[in-house]
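What follows is a single structure, written as structure tokens, with notes after it.
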């Protein structure tokens, strides 16, 4: 079934959690500044993606900080096993989203911190250290970019809306390679970004729609929380268990792209 968002979290808790999440993002910035990258510091995982010393250092430091402040909370992250304690609260961590870009010196990589309450995303921070760009939100507080309120809204497009998609191979890995071609044919302005910079662009209202395919929870959880507070539409489409096919951004554009893809929304039958 499609999720019904009714998080039980007050403003004081939202502010407290957001301050803590900012401290994690700041910690990641410091560690990145201290961590040189060379060939010996990079490995290739079984799925072909990169992992760096920086990824591991950041997530380990985050886990230590969370254990010190919220020791009864659950944890799930990209680099280390999940830590389940039966809590209603779960931190979702991606220490470097776009490690490939990071190791090649491209600035669009980001660090992702999210918090779920009873499975509902209630906080998200997308931080781009090299760009000095931070997009964030917490339940009831709205969304912001570097302290400036942001709101995603429908607007009159001068042409076809700018759609930003994940890499074509993700559609192939997800078993639907033809859908990338369908997007490209319908949207001449299609952009392709391989990391969370696509999320930040759309959640600031600059692009119309982001399409992330065959993603993991930690790839999309922060954007999910921010989208809700920014007034964006966020659709999770049916797909393999444990993988996320998501479309989010301006509501009218999201509806159009979702219809174009022809994949049922989660809990609906595919037409």
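Numbering (the numbering used here), first residue to last: 17 to 287.
Just so you know, even glycine gets a beta-carbon here, dropped at the ideal spot from N, CA and C.
- Contact between the stretch 23-34 and the stretch 42-62 is absent, with fewer than three C-beta pairs closer than 8 Å.
- Between residue 124 and residue 111, the CB-CB gap reaches or exceeds 8 Å.
- Assignment of residue 148 by DSSP, reduced to helix, strand and coil, places it in the coil class.
- Sorting 282, 138 and 204 by C-alpha distance to the C-alpha of residue 153 places 138 at the top.
- Residue 26 carries a coil assignment under DSSP once its states are collapsed to helix, strand and coil.
- DSSP, reduced to helix, strand and coil, places residue 182 outside both helices and strands of the structure shown, so it counts as coil.
- In terms of CA proximity to residue 121, 146 leads the group 133, 220, 146 and 200.
- Every alpha helix (DSSP H) stretch that sits fully inside the stretch 42-98 and reaches 4 residues is listed by chain position as 69-85.
- Closest by C-alpha distance to residue 228, out of 247, 274 and 129, is 274.
- Taking the C-beta atoms as reference points, residue 265 is found no nearer than 8 Å to residue 236.
- In the DSSP assignment, residue 216 falls within the unbroken alpha helix (DSSP H) covering 213-219.
- Just measuring C-alpha positions, the residue of 271, 74, 166 and 165 sitting nearest residue 251 is 271.
- Rounded to whole angstroms, the Cβ separation of residue 159 and residue 219 is 7 Å, and the two are in contact under 8 Å.
- A straight-line Cα-Cα distance of about 30 Å links residue 151 and residue 278.
- In the displayed model, residue 32 falls within a helix according to three-state DSSP.
- Residue 140 carries a strand assignment under DSSP once its states are collapsed to helix, strand and coil.
- For the pair residue 198 and residue 276, the Cα-to-Cα distance works out to about 8 Å.
- DSSP, read as helix, strand or coil, puts residue 106 in strand.
- By the C-beta density criterion, residue 102 is exposed, having fewer than 16 other C-beta atoms within 10 angstroms.
- When DSSP reads this structure, residue 264 sits in a beta bridge with 226 and 250.
- Contact check for residue 177 against residue 196 fails: the beta carbons are separated by 8 Å or more.
- Secondary structure at residue 113: strand, using DSSP grouped into helix, strand and coil.
- When only Cα atoms are considered, residue 51 and residue 69 end up about 8 Å apart.
- Annotation for residue 132: the continuous beta strand (DSSP E) segment containing it runs 126-133.
- In this structure, the alpha-carbon of residue 166 lies about 33 Å from that of residue 192.
- By the beta-carbon neighbour count (other beta carbons within 10 angstroms, threshold 16), residue 106 is buried.
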